[in-house]
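Participant:
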Amino acid sequence: MQQLNFINFPRSKAKAARRLNIMGAKVIPIIPEEKRPTGPWSDWMGETPSEVISTHWEMNPNHDVGIITLGLYVMDADSEQAVTALHRIEAECGMESLFIVKTRKGEHHYYQLPEDVEAKSQSFSTASLPENIDVRANKAIIIAPGSTNKTVIRCDINSFDELTPVTQEFVDAIKQHNSPMSASGETPSRRETLPTNSEHLLFIQKLVANISPEHYERWIGVGMAIHNETAGSDQGLQLYDCWSSSGSTYKGRAEIEHKWNSFKSDTSNSMTLGSLIHWAREAGADIDSIRDSCVEQFTIVPRLVINTDANEIAVEEESDVPLRKFSLLGQSSDLARLSAGSKLIFNGLAQIGQATVWYASPNSGKTLCTISFVNDDHNSGNLRGYEIYYLNMDDSAKGLAEKAELLEDIGVHMIAHGHRGFDIADFPTLLDQLAQHRAARKIILILDTLTKFVDTMKASACREISQQIRAFVSKGGTVLALAHTNKQRGDDGNPVPEGTMNILNNFDCSYTIDTPPSPNANKRLALFKNIKRRGNVVLEFAVEYANQSDISYSQLVASVTEVPPDNLDRIRHEAELESDDTGIQAILSAIESGATTKIALAKQAAAAAGVGKNTMLLLIEKYTGSDPGVHLWNFEVKKHGAKHFYVLGE
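The numbering of the sequence shown is this note's numbering, which starts it at 614 and goes up by one.
1) Identify whether Gly719 lies in helix, strand or coil by the three-state DSSP scheme.
2) Hey, Val1170 and Glu1157 are a contact pair by Cβ (cut 8 angstroms); roughly how many whole angstroms apart?
3) Give the list of continuous beta strand (DSSP E) stretches no shorter than 3 residues that lie fully inside the region 1010 to 1067.
4) Check this for me: beta carbons of Ile681 and Lys639, under 7 angstroms apart or not?
5) Pop quiz: Thr1113 and Ala1072 are said to be a contact at Cβ under 8 angstroms. What is the actual Cβ separation, rounded to whole angstroms?
6) Between Phe712, Ala695, Glu705 and Thr716, which has its C-alpha nearest Ser738's C-alpha?
7) Work out the CA separation of Ala698 and Cys706 for me, nearest whole Å.
8) Can you give the Cα-Cα distance for Ala1199 and Pro758, rounded to whole angstroms?
9) So Tyr972 and Lys1055 are supposed to be a Cβ contact under 8 angstroms. How far apart are they, rounded?
10) Counting Cβ pairs, one atom from each stretch, are 3 or more of them under 8 angstroms apart for the region 1012 to 1031 and the region 1080 to 1099?
11) Can you tell me whether His1244 is buried or exposed, with buried defined as 16 or more other CB within 10 angstroms of its CB?
12) Using a threshold of 7 angstroms, state whether the C-beta atoms of Lys956 and Ile965 are closer than that.
13) How about Phe986 and Cys768: do their beta carbons lie closer than 7 angstroms?
14) Taking C-beta to C-beta, are Glu1111 and Asn1119 nearer than 7 angstroms?
15) Can you give the Cα-Cα distance for Asn874 and Ala867, rounded to whole angstroms?
16) Take the Cβ of Leu1231 as the centre, count every other Cβ of all protein chains shown within 10 Å, and call the residue buried at 16 or more, exposed below.
17) Beta carbon of Pro1108, beta carbon of Asp1121: below 7 angstroms?
18) Give, in chain order, every unbroken run of the beta strand (DSSP E) that is at least 3 residues long and sits entirely within the region 633 to 717.
19) Give me, in chain order, the residues of the same chain whose beta-carbon lies closer than 6 angstroms to that of Asp689; leave out the 5 immediate sequence neighbours on both sides.
20) Determine the extent of the beta strand (DSSP E) in which Asn1227 is found, giving its start and end residues.
21) Does the contact criterion of 3 or more C-beta pairs under 8 angstroms hold for the region 666 to 676 versus the region 710 to 727?
22) Quick check on the burial criterion: 16 or more other C-beta atoms within 10 angstroms. Buried or exposed for Lys1251?
23) Pull the bridge partners of His1257 from the DSSP assignment, please.
24) Figure out for me which residue from Ile839, Ala1096 and Asn751 has the closest Cα to the Cα of Ser974.
25) In chain order, which continuous runs of the beta strand (DSSP E) of length 3 or greater are located wholly inside the region 1102 to 1141?
26) Below 7 angstroms between beta carbons: does that hold for Gly887 and Glu731?
27) Between Val1265 and Ile1116, is the Cβ-Cβ spacing less than 7 angstroms?
28) Quick one, are the C-beta atoms of Ala838 and Thr885 less than 7 angstroms apart?
29) Apply the 10 Å Cβ neighbour rule to Asp656 and answer buried if 16 or more other Cβ atoms are within range, or exposed otherwise.
30) Find the nearest neighbour of Ser1162 within the set Glu703, Ala627, Arg1137 and Gly845, judged by alpha-carbon distance.
31) How far does the alpha helix (DSSP H) with Glu744 in it extend, from its first residue to its last?
32) Please check if any C-beta of chain C sits within less than 7 angstroms of the C-beta of Gly1024.
33) Count the other C-beta atoms from every protein chain shown that fall within 10 angstroms of the C-beta of Arg997, then say buried if there are 16 or more, exposed otherwise.
34) Let me make sure I understand the geometry here. Which of Asp1061, Thr1091, Met1070 and Leu1044 has the alpha-carbon closest to that of Gln1081?
35) Report yes or no: do the region 1225 to 1242 and the region 1185 to 1205 share at least 3 C-beta pairs separated by less than 8 angstroms?
36) On a CA-only basis, which of Lys626, Met658 and Gly1012 is nearest Asn1149? Give me that one, please.
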């Protein structure tokens, strides 16, 4: 296996983010100095396409790089004492990190976290506990290489799947190091190190609601975990008693208090929040949803209190809190009625109840595809019950007439500036009215093009219209905006959205539309690539349509057809072969002339094709392999390990 190291590991944030993503890390952008994500974690928890990474850092080059530590166990030694201790514990436990990052004051050591090993994150003050080692595990974030003062000093892996898995012994040794016995032989009180807060209590309450108290061993385990997580507090006791009372064997408060007082909150108690999460997940609970509901509730509700006179956790009444009148507490059923679940439209490229933007260059087929997709959904019944308003602000009189004829047949309302009294300047007011309309959840708006509604180069203007669109979407409405890309592509060759980041950041879903070359001169390709997603929209989708000037617009719309993924790969390959043909022929000629070693081959072919040697080396590697359907040549290793290339099939 090739060993990567700090010399060739990318130093730039964008390249480091792409490399880490390829290695299997869940990359997330971080706001510098603040050390917090730029947006919701959920946007980055799934498989993130490389195009999404490239586009984000192309538009936000100063954002640091973070890694969500799901499946990872990362130790942050932030002082010389902590680094020394970490190396000692690794040696004692026979552990070796294959991915190490140098920080300003110490090191980060990366490991895999197996499912059967229990671990949780820990953070300490370096000033007061310089020898302690911070831990990031489960759903946490670690600032990654590429970020400020983060440099890879060891990388003996090609994928995070190759990281050394930690053992329970090692995790416990780190935990014991971080929680040493005091001089009296007792551990420091958890009341001092683990303050209980309302959100934490509610999270525990919602977890245990999924766990049955009927089995004695599980009942004991849950009690120990609650005791551990609440530092043996009265709130924890009340929660334990409330949960226990739902069981058929409940004998009253006295028994609960007796058992509660027998628990100890120290390192010998192995039952933790992780145990509760594990048991709740076993019972079928959605942990992320539980966690998110707790966060959402406590951005609205002032605080949670324990009613010690009754078996319940209740919200304290504070009628003078100014936010109370805006609270959605108790409105969940109404909100559910506004939501359409996860209904996909337009071939999975948008979702009902979301704001979506498609970025494309002029004349790339974005309007054509939109009308075709609307027509397909109408014919299939997918849009039955919805009113579609196509706001066509970017067309000639002839174009308006052609589209009006097509859209009339399927009942789509087309709106145009200057027609029937509509003025685009009134759109913000109309959008506010739509957000208050009782039928908002059955309305789909298509904005063509976005630059006619807002100056996408002005952040304040984009922020304002995004807030208005968000208000409409929060009532169940749906928006599809068609926007432009920059004239210049990104470093990775992909289209770059035009304008500020406000639209991309504030919309739910975004795609770029590229137009790769087609091997058929009578066809054009349109390739949709997702760069931001919420929900189960598709990551990639391709269509082809007629490339003829002598057909009507309705015929052009009818020519739009999906390109199956297998066909797309073939078309891409054929297009690449055509694009690379000059270099390919130069390489084939060089091999036939006897220049078969890699360096000699690259040098001779580069001279013949009139390109740089590095460019030719990349082309040689691109078509090297044993599959005749993909590759053109391969090599065999001869004397002194030299690679000699030959043409496949000869």
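Glycine included, C-beta positions come from ideal geometry on N, C-alpha and C.
Just so we're clear, the structure is a prediction, and the values are computed from it rather than from any experiment.
Facilitator: With the structure as the only source:
1) By one-based count along the sequence shown, residue 719 stands at place 106. Gly719 falls in the coil class under three-state DSSP.
2) Position 557 of the sequence shown, counted from the first residue, corresponds to residue 1170. Position 544 of the sequence shown, counted from the first residue, corresponds to residue 1157. Contact flag wrong, Cβ pair sits at about 13 angstroms.
3) List check, beta strand (DSSP E) in window: 1026 to 1028 and 1056 to 1061.
4) Residue mapping note: residue 681 aligns to position 68 of the sequence shown, counting from 1. Residue mapping note: residue 639 aligns to position 26 of the sequence shown, counting from 1. Yes, the Cβ-Cβ distance between Ile681 and Lys639 is below 7 angstroms.
5) Residue numbering aside, residue 1113 sits at position 500 when the sequence shown is read from its first letter. Residue numbering aside, residue 1072 sits at position 459 when the sequence shown is read from its first letter. That belief holds up - the Cβ atoms of Thr1113 and Ala1072 are roughly 4 angstroms apart, short of 8 angstroms.
6) Taking the first residue of the sequence shown as position 1, residue 738 is located at position 125. Closest by alpha carbon: Ala695.
7) Taking the first residue of the sequence shown as 1, we reach residue 706 at position 93. Taking the first residue of the sequence shown as 1, we reach residue 698 at position 85. Counting only the Cα atoms, Ala698 lies some 12 angstroms from Cys706.
8) Counting from one through the sequence shown, the residue named residue 1199 turns up at place 586. Counting from one through the sequence shown, the residue named residue 758 turns up at place 145. Cα to Cα, Ala1199 sits roughly 40 angstroms from Pro758.
9) Locating residue 972 in the sequence shown gives position 359, counting from the first residue. Locating residue 1055 in the sequence shown gives position 442, counting from the first residue. That pair is no contact at about 27 angstroms.
10) Contact between the region 1012 to 1031 and the region 1080 to 1099 is absent, because fewer than three Cβ pairs lie under 8 angstroms.
11) Here residue 1244 is taken as the residue at index 631 of the sequence shown, counted from 1. By the neighbour-count rule (16 or more Cβ atoms within 10 Å), His1244 is not buried but exposed.
12) As a first step, residue 956 must be located in the sequence shown, where it is residue number 343. As a first step, residue 965 must be located in the sequence shown, where it is residue number 352. Against a cut-off of 7 angstroms, the Cβ pair of Ile965 and Lys956 comes out as a contact.
13) Within the sequence shown, the letter at position 373 stands for residue 986. Within the sequence shown, the letter at position 155 stands for residue 768. In this structure, Cys768 does not lie closer than 7 angstroms to Phe986 by Cβ.
14) Locating residue 1111 in the sequence shown gives position 498, counting from the first residue. Locating residue 1119 in the sequence shown gives position 506, counting from the first residue. No; because the gap between Cβ atoms is not below 7 angstroms, this pair is not in contact.
15) The sequence position of residue 874 within the sequence shown is 261, counting from 1. The sequence position of residue 867 within the sequence shown is 254, counting from 1. Roughly 11 angstroms separates the two Cα atoms.
16) To locate residue 1231, count along the sequence shown from 1; it is residue 618. Exposed, because fewer than 16 other Cβ atoms sit within 10 Å of the Cβ of Leu1231.
17) Here residue 1108 refers to the residue found at position 495 of the sequence shown. Here residue 1121 refers to the residue found at position 508 of the sequence shown. No; because the gap between Cβ atoms is not below 7 angstroms, this pair is not in contact.
18) Runs found: 639 to 644, 677 to 681, 685 to 690 and 712 to 715.
19) In the sequence shown, the residue the question calls residue 689 occupies position 76. Within the same chain, Asp689 has close Cβ partners His721 and Asp747.
20) For the purposes of this step, residue 1227 is taken as residue 614 along the sequence shown, with counting starting at 1. Segment Lys1226 to Lys1235 is the alpha helix (DSSP H) holding Asn1227; no beta strand (DSSP E) there.
21) no
22) Counted from its first residue, the sequence shown places residue 1251 at position 638. The residue is exposed, with fewer than 16 neighbouring Cβ atoms inside 10 Å.
23) One-based indexing of the sequence shown puts residue 1257 at position 644. Looking at the DSSP output, His1257 bridges to Thr1210 and Glu1249.
24) Residue mapping note: residue 974 aligns to position 361 of the sequence shown, counting from 1. For the residues Ile839, Ala1096 and Asn751, the minimum Cα distance to Ser974 belongs to Ala1096.
25) 1122 to 1127
26) Working through the sequence shown from its first residue, we reach residue 887 at position 274. Working through the sequence shown from its first residue, we reach residue 731 at position 118. Yes, Cβ-Cβ distance for Gly887 and Glu731 is below 7 angstroms.
27) Absent from the model: residue 1265. The displayed extent of the chain is 614 to 1263, so no value can be given.
28) Residue 838 sits at position 225 when you count from the first residue of the sequence shown. Residue 885 sits at position 272 when you count from the first residue of the sequence shown. Yes, the pair counts as a contact, with Cβ atoms nearer than the cut-off.
29) Your numbering for residue 656 matches position 43 in the sequence shown. Per the 10 Å Cβ criterion, buried.
30) Against the sequence shown, residue 1162 aligns to sequence position 549. Among Glu703, Ala627, Arg1137 and Gly845, the Cα nearest to that of Ser1162 belongs to Arg1137.
31) Along the sequence shown, read from residue 1 onward, the residue named residue 744 stands at position 131. Glu744 -> no alpha helix (DSSP H), and no H or E assigned at all.
32) Absent from the structure is chain C; it holds one protein chain and no more.
33) Here the question's residue 997 lines up with position 384 in the sequence shown. Exposed, by the Cβ-count rule.
34) Here the question's residue 1081 lines up with position 468 in the sequence shown. Ranking Asp1061, Thr1091, Met1070 and Leu1044 by Cα distance to Gln1081 puts Leu1044 first.
35) Three or more beta-carbon pairs separated by less than 8 angstroms link the region 1225 to 1242 to the region 1185 to 1205, which places the two stretches in contact.
36) If you number the sequence shown from 1, residue 1149 lands on position 536. Checked all of Lys626, Met658 and Gly1012; the closest Cα to Asn1149 is Met658.
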